[in-house]
Structures are given as structure tokens and as C-alpha cells.
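Chains A and B, in that order, give the protein sequences.
Position 444 of the first sequence, counted from 1, bears residue number 444 in full-length UniProt numbering, the numbering being contiguous throughout.
Position 291 of the second sequence, counted from 1, bears residue number 291 in full-length UniProt numbering, the numbering being contiguous throughout.
Think of the CB as a built atom: it goes at the ideal place given N, C-alpha and C, for glycine as much as any other residue.
The structure appears below as C-alpha cells.
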Amino acid sequence: MSLVEVSDLSISFGGVRAVDGLSFSLEAGGALGVVGESGSGKSASAYALLGLHRGTGAKVGGSIRVAGVDVTAADDAELRALRGAKAAVVFQDPLSSLDPYYAVGDQIAEVYRVHNRASRRAARARAVEVLDRVGIPDALRRSRSRPHEFSGGMRQRALIAMALACEPQLLIADEPTTALDVTVQAQILDLLHDLRRETGMGLLLVTHDVGVAAESVDEVLVMQSGRAVERGPVSEVLVAPREPYTRALLAAVPRVAEARTSSGAKPADDTGAPLVEAVDVRQVFGRGKSALAAVDGVSLTVRRGETLGIVGESGSGKTTLGRMLVGLLEPTSGRLTRDARVQMVFQDPVSSLNPRRSIGESVADPLRASGERDEVVIRARVRDLLTRVGLAPESYDRYPHEFSGGQRQRVGIARALAAEPELIVCDEAVSALDVTTQAQVTALLAELQRELGLALVFIAHDLAVVRQVSDRVAVMRQGRIVEEGEVDEVYGNPRDPYTKQLLAAVPALDPALATVRRAARKELAAA
Amino acid sequence: MKWFLLRRLGGAVFVLLALSVVVYAAFYVAPGNVAQIACGPRCSPAQVAQVSEQLHLGDPLYLQYAHFLQGLFTGRDYSTGTGVLHCQAPCLGLSYQSDQQVTELILAKLPATASLALGAFVLWMLLGVGTGLLSVWRRGRPTERVLTWITLAGMATPVFVIGLLLIIILVTALQILPFPDYVPLTEDPEQWAWNLLLPWISLALVSAAPYARMTRASMLETLAEDHVRTFRAYGVGERALVGRHALRGALAPVIALGALDIGSMFGGAVLTESLFGIPGVGRELVDAVKHVDLPVVVGLVLVTGFFVVLANAVADILQAMADRRVVLA
Chain A
1 MSLVEVSDLS ISFGGVRAVD GLSFSLEAGG ALGVVGESGS GKSASAYALL
51 GLHRGTGAKV GGSIRVAGVD VTAADDAELR ALRGAKAAVV FQDPLSSLDP
101 YYAVGDQIAE VYRVHNRASR RAARARAVEV LDRVGIPDAL RRSRSRPHEF
151 SGGMRQRALI AMALACEPQL LIADEPTTAL DVTVQAQILD LLHDLRRETG
201 MGLLLVTHDV GVAAESVDEV LVMQSGRAVE RGPVSEVLVA PREPYTRALL
251 AAVPRVAEAR TSSGAKPADD TGAPLVEAVD VRQVFGRGKS ALAAVDGVSL
301 TVRRGETLGI VGESGSGKTT LGRMLVGLLE PTSGRLTRDA RVQMVFQDPV
351 SSLNPRRSIG ESVADPLRAS GERDEVVIRA RVRDLLTRVG LAPESYDRYP
401 HEFSGGQRQR VGIARALAAE PELIVCDEAV SALDVTTQAQ VTALLAELQR
451 ELGLALVFIA HDLAVVRQVS DRVAVMRQGR IVEEGEVDEV YGNPRDPYTK
501 QLLAAVPALD PALATVRRAA RKELAAA
Chain B
1 MKWFLLRRLG GAVFVLLALS VVVYAAFYVA PGNVAQIACG PRCSPAQVAQ
51 VSEQLHLGDP LYLQYAHFLQ GLFTGRDYST GTGVLHCQAP CLGLSYQSDQ
101 QVTELILAKL PATASLALGA FVLWMLLGVG TGLLSVWRRG RPTERVLTWI
151 TLAGMATPVF VIGLLLIIIL VTALQILPFP DYVPLTEDPE QWAWNLLLPW
201 ISLALVSAAP YARMTRASML ETLAEDHVRT FRAYGVGERA LVGRHALRGA
251 LAPVIALGAL DIGSMFGGAV LTESLFGIPG VGRELVDAVK HVDLPVVVGL
301 VLVTGFFVVL ANAVADILQA MADRRVVLA
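As C-alpha cells, this is what we get:
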């Protein structure tokens, strides 16, 4: 009997059908990746395996069997006995997924005691044992820490430890590395890989990132709008997809190993004066003992028409640097000369637009700010800008909630263009978007750049996206630029050890390559 | 934690000082001749001048405030014309009406108000939080709807309506409880509680409603949080989810509100005190305002402020002990 057997699963929230006629199975010890864009129903399906929709008002149809338990028919006690003991889940956001009030070790011990007759002391010992297994250093001492005292990667390790506590037959991982930096992501994926080999548990990995799936599973199931599109061995589906949707999805994924396919503007003009020049700029937050140099002596120039990519992990100072380039922050020290109109496009297209104002009004803001008073002129110009970024000019009077994430980001770009900038700083402008939308927005940026001769500073944590849009790239770490150069040079032949480490951590799309790279990472870590 | 405590208490002292400046300024700068008010309507100009002299009303305002502060910390002397009256620290001045020391006046009334406030506080917290939790437990069922209506009714009903109803039912008709006649705790604890029961219940019934609503909203919010989902997904039962993983976080805002209410309750529950004839601070305040007895009003506002600030500090420290992230913020 299979470990997981799902047939004709349907889930609807209110009137919306999130999952529709989904069937799949997973053999004991197997690893299945469920891949899809946001809204494809992948997480909803995973939660259904543990009966987590019960009591939420969602309607679940079809049949689900997990480790011999009929989930749809089981009573509450049977469900509780399944959850954590036979099938355990690791959630996306490791900070909010742990109870802030209790020590990590106590939380794991509590779960252990729910399913095992054990003394408090024995349960604590078990907690320390699994924390040690997932690579928490000094596990006995750290088991007394609360979640906020852990780093992001350690929290995710702690959640995995909780999942391991009762030796489940199935581990469900819902976007387990999405909130993590790429080097930490690689460590967590390697850990999951080792644990699976060691314990023989089955893995159901839900992810939007095809690369993450390629690294970790044997079989992959591609979902779109609540239905399964394609299913097969990972080496077949990701290398030679049969379905058009899978092909489109894979085509949209930016490749870190391939040279830039579409060039942006005309080659950067080396002779012209730089639009922005930073010399040894620093930005220090706080003072005294708690002072922190977010940007610690960075020098760079941006020239007309070029794209400078700035890549780094969280806390590397890339956003702070971007804010200084635009003038939202004054450098604490150093020289920064700006000889151009500069605008910014922000990460979150939801919160960076005022929900109570129509998008036309938002786009008109820079025009009004620059002194334009003639309503006819403003309206005409905004309609023009909306057309420019690929939106219908009639959307002037519509509100942000009526648009999808990609469309909202287009509005953000239109707003930036309104001030006729020569340089746009894009701070993680595409990281909140699905890959296909992401590809469309980066294509739009490249097109605008060609036509308007814009310079772009493209700040992102995603190495692949940065490679696909940039002429030059700067790699940041702890407030400093560790390596800077032509993009193909840096990616093809990295000199700095940190750049090497970053590039080694990016998941490969080809499963065969993933195995090779996993071995390479181990060597790099051992060195 | 030690630094957090120091910072928190330092903040509390600062707020009290700021409050004293504002209150002092607001009342003493208010229009009207203070000396005339203090002396009374039938005083001759000569007498008024003498009072003005005694109260140092000719001094610049900052000096008057300094004297006031000095009185608070070290005590101060008042000349009564014939002799000197020493007002011990913390001295809040002399009542214009009775020439009694304000501090003594307030201290005499405080026990009754404190008895009323603390007892009602315990009751309304239990009642409010209990009702809130029950309506979460029974969400989507008729019980929840009934509770919601009762809570709404409770919020809309003034204390004198509920109090009168209770008097009619419990005292007049059923004769279970005596008509309240305040007995100090030190005299007879049993009679103290027995007589205060009716005021406690009345005050608790009208005060509990916002707590029920807040507990319910806060609990529902916490139950929807990711970490509660985690433990649900690990087979932890609903009762443990609520008791161990949701309650602590959900009660934080409720306790903060409670601190605010209990603190201001020490300034007197005017309506309840009047209704049940409890000789408390609230009635004193009404009386002082009516007779423009400025030192008493200022003193009462400061004492109320003191209890609000104290209750808030206690709530914050409790919160910091429950959630160590607060200390870091």
C-alpha cells in the first residue's frame, strides 16, 4: 500500500475551487515535489493530507489516505494521532511557525509527549537529540533558547527537528526554504536529503521554485489552477517536459548558469559622466555599542543606459545602498554625487500602492509633485504611461486590489517613469512575483531601457535574475562589495570565495547536475 | 531585564512629573481670582490680600510650582495667620473649603474606592475573559450569538440602571443582600465583603463587556497565527492549543486595557459610589469640583494619574516577564 494515496481531491474556499480533481500517490520512502505558481492549489493540497482544512469552512472532497489513515473519514482523535506522529509538516516561515513564548526544546518535547508516553525529562532529552541531529550546535544549551534568539536557518532546522521527533513516515515540507537566504537554503535542502536517506521517510515537497524541486525529489507533479498538469520522474519532466504549461514555466525560470540572453540598451557609454557616483559611502544605524554599519565603505558608479546588478543575502546592506542612491537616506560618511533624476521601484507591489487611491492617482503623484496642475495634461500623461507599461489606459480609475501582483508592479514602474528619470533603482522589484510574471516584468524593464536609454540599478537576492538583467554586477556581503565586474565574468569566473559559495548554493535545474553540485558544496564546506 | 525595569520605572516617574506640571498649570492659570476662591465669597479685599500672601500667589508661577513640588517631597509650612501649620510630605496643599490637608482627605477616602475598584476588577476580569473565551469556544453556534447580544447590551447599559435593577431584585424583592453600607476592611472583613458585593457585581457587569469583546477578538486572531497552526498540525489538542499556545499572546492586550481601567478606577467610580453611598474618592472629586476647591482637584488628578501609571508599569513588567522579546524592543 502506498504511503500517500489521493484520488479526485477537490478543495473549495467559499465559492472558489482551489483544487479540482487532483489524484496522486507516493510510495513509502519516495520523494514527490509539487511545483506550481501562487494560487495553483499546491499548499492547500498538502494541508489536506493532514486534515488541516477541518473546521476552517473549506470544503474538501475526494479521498485521501495517508499512512493507512483515511483522512476524510477519520475522527478528531485519529487525525491527531496521524499529525506529527505518522506525517509531520515543516512550514514556510520558521519564525512565525514557532511559539514565541516557549523554549525551542520545550516545544519539541511537547510534541513528543503528545504522541509518546514519556516523562518530561525523557521528552527533553529527545528534543536535544533531534536538535543535535539537524545540526544545531551545542544543542543542549540552545534547546533552552526561544525562537527569536535563533537565526532564520536555525529556526528552520528547529522546525525540521520537531518534525523528526516522532520518526514520521512522511515529511510534508511547504516551501521550507522560501524565506531563507540561498546559502542557508542549500544547507537545509542538503539536510533534508541526508535525513531522507538516513531514515527512509517519504518526502512531499511543495515549492514554487523548480530548482528546489530538482535538488530534492525523485518525482515531480506540476500544478496549475488546482489541477495536475504533468507528473513524472524529475529528470524527465524538468529536462524534457511534455506539456506546454510546464515548458512555459521552465522557459520563464531565469538560469544562473547561462549568459544573458537579451541585452538591454546600447552598450554602456564609458566616456560620459556617471549618473551616480558613490565614493566610500557608509551608513551607520544606531550609535555607541549598538551602532551597526549597514553599508560600510562602498564605491560604485552607474553610467547612462547600463544596468548594474547588486546581489547579496539578507542583511548585506543592498537595500540601504539602494536607498542612498535614490536619496531616501543620506550617507553617514563618504561622497555621493547624483547627476540625474532618480526613481525607485519597490519590492512589495501590494503595500507600496495606497489601497484607497486609484492607480491613476498614484501614477500622477510624481507629476503633481513636480508642479503640474493641468488635470487634462496629467490625465493624458498617466494614460500614456499606463499604456507604456502594458496596462489598459482605462485602468486609471481602478484600484490596486483589482490588479494581479505583476500588474501592480507595472503600476509601480509607471509611477517611477512619470518623473522622467534617467536612472531607476529596482529594489527586489520582481522577487514577490511568480516566475512567469517575473519574466514579463524583467522583459518590460529591458524594453523600457532600450527605448528610453534608462540606467537601472537592479537589487535582488536572486542570483539568476540578476545575471539575466545586468551588464555589470556587484556582490555585497556585510555592507561591503566583495566583487564587482562584467556580469559574465563574475558569474563565469568568480574570484571571491563568497561569490563562489553563493553560486554553488543556487539550485540547479538539471537533477543530474544537482547531484554533482551537492557533492561540490560538501567539498567547499569541508575546505 | 534589570535595564528594562529601570527604564520603565524612570519613564513612569517622568510621566508623573509631566502630569503634575500640566495639571498644576491648567488649574492655577485658569481664569478667576484664586485668592478670592480660596477665601470665599464673603471675604473683604483685605482678607483676600492676606490669603494671597499666605498662598504665595504673588510669586512667579514656576516658583509656586517649585513650592508645590517641595511640599510633595519634603512637606511645607502654611501660616494660618495665628500660627504655623506643618503639612507633612507628601503634601498636596490645603483644602480651600475645610483647610484640611488634601493628602489626609484623600487617604481617608481611598480605602473605600480601592475596595470597590479591586473587588470589581477581579470580578470583571473573570467575567469578561471568561465570556470572551466561551464565545470563542462556541463560535458559530447559538451560544456565541447570545453572548454577543448580552455583551452588547452590557456595553450599552449605564451602571445606575444595572445597579438599581440589582437593588430591586436582590435587596428589595429577594432580600438576599443587605443594602450596601460601607464597612472598612480593617473593622470587619466579612461585613466589608458582604456589603460591597452588590457594588462589585454592578460595576463588574458594566465593565466586563469590552473585555469579553476584546478577549474574543484577540483570541480568534491568535488562534489563526502560524505557530498555533504548527501545533495543531502536530496533533496537539484544541484545549492545549488554547491554554498553552494562544492564551498568553491573546491576553496581552486585555491586560493592558485592564491596567488602564483599574488605574483610573482609583480616581473614583463616581456613579457607583453615589448609587450605593460609598464614601469614596469619586464623590470627593465631584464635591471639590463643585466648590472649585483647586488643591483637592489637583491632588485627586495626581493620585489618579499615579495609579494609572503604576498599573501600566506593572502590566508592562508582567508582559516582559511573559514575553522576553519585549525587553529587547
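C-beta neighbour in chain B for residue i, strict 8 Å
i, result
"R83 (chain A)", "yes"
"A252 (chain A)", "no"
"M223 (chain A)", "no"
"R80 (chain A)", "yes"
"A265 (chain A)", "Reliability fails at A265 (chain A), whose pLDDT of 49 lies under 50, so the model's placement of it is uncertain and no value is given."
"L49 (chain A)", "no"
"L195 (chain A)", "no"
"A291 (chain A)", "no"
"A88 (chain A)", "yes"
"S143 (chain A)", "no"
Residue-chain proximity (residue i, chain A), Cβ-Cβ < 8 Å
i, result
"V136 (chain B)", "no"
"A108 (chain B)", "no"
"E225 (chain B)", "yes"
"A256 (chain B)", "no"
"R325 (chain B)", "yes"
"A49 (chain B)", "no"
"A153 (chain B)", "no"
"A322 (chain B)", "yes"
Residue closest to residue i, alpha-carbon to alpha-carbon, out of the options
i, options, result
"L92 (chain B)", "B:D181, B:V102 and B:S98", "B:V102"
"E361 (chain A)", "A:D132, A:V382, A:L205 and A:R282", "A:V382"
"V270 (chain B)", "B:T113, B:V22 and B:V84", "B:T113"
"Q156 (chain A)", "A:C166, A:V425 and A:G135", "A:G135"
"A340 (chain A)", "A:I424, A:T319, A:R398 and A:P349", "A:I424"
"L197 (chain B)", "B:S274, B:F179, B:T186 and B:A212", "B:F179"
"A311 (chain B)", "B:W3, B:I167, B:F73 and B:G267", "B:G267"
"M154 (chain A)", "A:R133, A:L170 and A:I172", "A:R133"
"R480 (chain A)", "A:G492, A:V284 and A:P393", "A:V284"
"S404 (chain A)", "A:I378, A:A429, A:R379 and A:L433", "A:L433"
"K59 (chain A)", "A:Q407, A:S12 and A:K42", "A:S12"
"V326 (chain A)", "A:P421, A:A73 and A:L203", "A:P421"
"T209 (chain B)", "B:D59, B:V23 and B:L147", "The identity of residue 209 (chain B) in the sequence shown is Ala, whereas the question assumes Thr. Taking only the C-alpha atoms, the option nearest A209 (chain B) is B:L147."
"A250 (chain B)", "A:P137, A:H208, A:P100 and A:R335", "A:P100"
"S2 (chain A)", "A:K318, A:A125, A:H401 and A:A31", "A:A31"
Residue i burial status per 10 Å Cβ neighbour count (16 or more: buried)
i, result
"K86 (chain A)", "buried"
"Y47 (chain A)", "buried"
"T56 (chain A)", "exposed"
"V236 (chain B)", "buried"
"D181 (chain A)", "buried"
"E375 (chain A)", "exposed"
"T337 (chain A)", "exposed"
"R232 (chain B)", "buried"
"Y62 (chain B)", "exposed"
"Q347 (chain A)", "buried"
"V475 (chain A)", "buried"
"P142 (chain B)", "exposed"
Residue i: CB within 7 Å of a non-hydrogen atom of the ligand FMN
i, result
"E198 (chain A)", "As for the ligand FMN, it is missing from this structure, which has no ligand bound."
Note to self: Closer than 7 Å between beta carbons: that is the criterion. Which residues of the segment 286-319 of chain B meet it against chain A?
What the structure shows: Taking a C-beta cut-off of 7 Å against chain A, none of the residues of the segment 286-319 of chain B qualify.
Note to self: Can you pull out the residues from the segment 90-124 of chain A whose beta carbon lies closer than 9 Å to at least one beta carbon of chain B?
What the structure shows: Cβ contacts with chain B come from F91, Q92, D93, L95, S96, S97, L98, D99, P100, Y101, Y102, Q107, E110, V111, V114 and H115.
Note to self: Taking beta-carbon pairs under 9 Å, can you tell me which members of the segment 222-251 of chain B lie near chain A?
What the structure shows: Within the segment 222-251 of chain B, the qualifying residues are E225, D226, H227, V228, R229, T230, F231, R232, A233, Y234, G235, V236, G237, E238, A240, R244, H245, R248 and G249.
Next item on the list: List in chain order: all unbroken beta strand (DSSP E) runs of 3+ residues lying wholly within the segment 450-512 of chain A.
Entry: Within the segment 450-512 of chain A, the runs of beta strand (DSSP E) that reach at least 3 residues and sit entirely inside it are, in chain order, 455-460, 472-477 and 480-486.
Next item on the list: Enumerate, from N- to C-terminal direction, the unbroken alpha helix (DSSP H) stretches of 4 or more residues contained entirely within the segment 105-163 of chain B.
Entry: You should have 142-156.
Note to self: Counting only Cβ-Cβ distances shorter than 8 Å, please list the residues of the segment 145-165 of chain A near chain B, keeping chain order.
What the structure shows: The residues in question are R146, H148, L159 and M162.
Checklist line | Interface residues of the segment 34-66 of chain A facing chain B [CB-CB below 7 Å] | finding: Residues of the segment 34-66 of chain A with a Cβ closer than 7 Å to any Cβ of chain B, in chain order: L50 and L52.
Notebook entry, point to check: If you scan the segment 56-134 of chain A from start to end, which runs of the beta strand (DSSP E) of 3 or more residues do you find wholly inside it?
Noted result: Taking only runs of at least 3 residues, the beta strand (DSSP E) segments lying wholly in the segment 56-134 of chain A are 59-66 and 87-90.
Next item on the list: Go through the segment 278-326 of chain A residue by residue and report every complete run of the beta strand (DSSP E) that reaches 3 residues or more, in order.
Entry: Along the segment 278-326 of chain A, the beta strand (DSSP E) occurs as fully enclosed runs of 3 or more residues at 292-302 and 307-312, listed in sequence order.
Note to self: Could you tell me which whole beta strand (DSSP E) segments of length 3 or greater appear in the segment 376-445 of chain A?
What the structure shows: Counting only runs of 3+ residues, the beta strand (DSSP E) found wholly inside the segment 376-445 of chain A occupies 423-427, in chain order.
Next item on the list: Mind listing, in chain order, the continuous alpha helix (DSSP H) runs of no fewer than 4 residues lying wholly within the segment 258-312 of chain B?
Entry: List check, alpha helix (DSSP H) in window: 270-276 and 281-290.
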